[in-house]
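J.: Under the UniProt record's numbering, the residue at position 39 of the sequence shown is numbered 39, and the numbers go up by one with no gaps. Note that CB positions come from ideal geometry on N, CA and C, so glycine has one too.
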Amino acid sequence: MADPSTTNGLTGLLQYITLLNDDEIEDLKTLGDDVDVDELDDEGLARFLFAQEAASLLNMTKDHRSSSANEADISLLDELASIEEMARFDHEMALALAEGRPPPTRSERPSREQELNDQPFDDPSDSDSDSVQSSAASPIISAVALPLPPPSPPSPPIVIPVSLGDCVICGDSIFHTIINLPCGHSIDKGCLQIMFRKACDSEAHFPPRCCNTEPLLADVLEHLDDELADLFAEKSVEYRTTNRVYCHRPSCSKFLAPATETPSLIECQTCRIATCGACKEQAHVGRPCDKSVNSEVLLLAEKEGWQRCHSCRHLVELTQGCYHMICLCKAQFCYLCAIPWKECKCPQFAEERL
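1) Grouping DSSP H, G and I as helix and E and B as strand, with all else coil, what is Ser253?
2) Rounded to whole angstroms, what is the Cα-Cα separation between Lys330 and Arg209?
3) Is it right to say Gln348 is buried, meaning 16 or more other beta carbons lie within 10 angstroms of its own, or is it exposed?
4) Span of the beta strand (DSSP E) holding Arg244?
5) Rounded C-beta distance between Cys289 and Cys276? I'm assuming under 8 Å.
6) Along the chain, which unbroken stretches of the alpha helix (DSSP H) at least 4 residues long are found entirely within the segment 286–340?
7) For the candidate residues Val168, Cys211, Ile160, whose alpha-carbon lies nearest to that of Tyr192?
8) Have a look at Trp341, Gln320, Leu265, Pro157 and flag the residue whose alpha-carbon is nearest the alpha-carbon of Ile326.
9) Going by the beta-carbon positions, is the gap between Leu231 and Tyr246 smaller than 8 Å?
10) Where does Cys309 land, buried or exposed, given buried means 16+ other C-beta within 10 angstroms?
11) Would you say the segment 210–228 touches the segment 300–318, given that touching needs at least three Cβ pairs under 8 Å?
12) Determine whether the beta carbon atoms of Ser186 and Ser173 lie at a separation below 8 Å.
13) Is it right to say Phe196 is buried, meaning 16 or more other beta carbons lie within 10 angstroms of its own, or is it exposed?
14) Hey, Pro104 and Met93 are a contact pair by Cβ (cut 8 Å); roughly how many whole angstroms apart?
15) Which value, in whole angstroms, describes the spacing of the CA atoms of Ala274 and Asn294?
16) Rounded to the nearest angstrom, how far is the Cβ of Phe175 from that of Pro161, given a contact under 8 Å?
17) Specify, as a first and last residue, the run of the beta strand (DSSP E) that Asn265 falls within.
18) Determine the extent of the beta strand (DSSP E) in which residue 376 is found, giving its start and end residues.
19) Check Ser236 in the structure and name its three-state DSSP category.
20) Can you tell me whether Ser155 is helix, strand or coil according to DSSP?
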């Protein structure tokens, strides 16, 4: 085995390794295998640590030699490519001179090292990089560029909605359909439908109005759905009728028509049962109205102090408040004498009823 250099440190170790032959290097590498460090003496431990350090330096030396070999291969490839490029240029020059054409210009070919540096780095673990490397190694390289995708259409401009006004009911800004009422206020479509729906559900909200002004159905009909428009037209006839006749069957109670002075037969279009237009009881063809039923109710009303509307003849009971009565038929009368309001001299209220 060659003697190690007396130079201290890393320089001496490197000089020592360079003097080793192949067998001595293998012996040195196997020195650190399967060794129990606890059983070594000082000299053996020193040799063991020296073997580990030498193995690391041997690996570094191999990597350096491999890198130098790659650089030598690249230089050789560049030289061969230059020779090939020179031969191709000489051939084109000879053809140009033979055909009387101007001589071609010689282009500078990048070196192999520059080509490798210009290539993007691909992760070898990526499956796509395998296909790229195999294509680069192929002698036939396609120079046809892939077609570019068609440009995407421009995005439409953003349109900021402009408020057309404020709804008089909900107070929100109206951006789409605005409905102008006869009083000058504006309302949106949703609030208009709510207004007409409430007018159909309760006579107290009929007719729909703003500032005591009723919008005409024809002016707002296009903003109501068909079902609501038909219902409102039906309820308008009912609520505007002063003396009404309803189906005498309690389970139906459908509005039929205005009352008549003499007995008449009015058929309900819902249950197909007829009602008398005079007494508002079950129809009685060929017989006069039975007043005994009404007489019993009228006797009870007289006993309890109830009053009858002079217009529709409905019974009204006052529980508290003044004597100014407003019937469902919109008629106004005095609760004490049933005469139209402000046409009598009765007191307007009693303190015990307030």
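T.: Judging by the given coordinates:
1) Note: Ser253 maps to coil in three-state DSSP.
2) Separation of Lys330 and Arg209 (C-alpha to C-alpha, rounded to the nearest whole angstrom) is 15 Å.
3) When all chains shown are included, Gln348 counts as exposed.
4) Note, Arg244: beta strand (DSSP E), 244–246.
5) The pair is a contact, with the Cβ atoms about 6 Å apart (cut-off 8 Å).
6) Listed in chain order, they are 292–304.
7) Strictly speaking, residue 192 in this sequence is Leu, with Tyr absent from that position. Among Val168, Cys211, Ile160, the Cα nearest to that of Leu192 is on Val168.
8) Among Trp341, Gln320, Leu265, Pro157, the Cα nearest to that of Ile326 is on Trp341.
9) The criterion of a C-beta distance shorter than 8 Å is not satisfied by Leu231 and Tyr246.
10) Around the beta-carbon of Cys309, 16 or more other beta-carbon atoms lie within 10 Å, marking it buried.
11) No: fewer than three Cβ pairs fall under 8 Å.
12) No; because the gap between Cβ atoms is not below 8 Å, this pair is not in contact.
13) Result: buried.
14) Sure, about 7 Å apart at Cβ, within 8 Å.
15) If you take the alpha carbons of Ala274 and Asn294, they lie about 19 Å apart.
16) For Phe175 against Pro161, the beta-carbon gap comes to about 4 Å, under 8 Å, which counts as contact.
17) Residue identity check: residue 265 is Leu in the sequence provided, not Asn. Under the DSSP assignment, Leu265 falls in the beta strand (DSSP E) whose first and last residues are 265–267.
18) Limits of the chain in this structure are 1 at one end and 354 at the other, which puts residue 376 out of reach.
19) Residue state, collapsed to three classes: helix.
20) Residue state, collapsed to three classes: coil.
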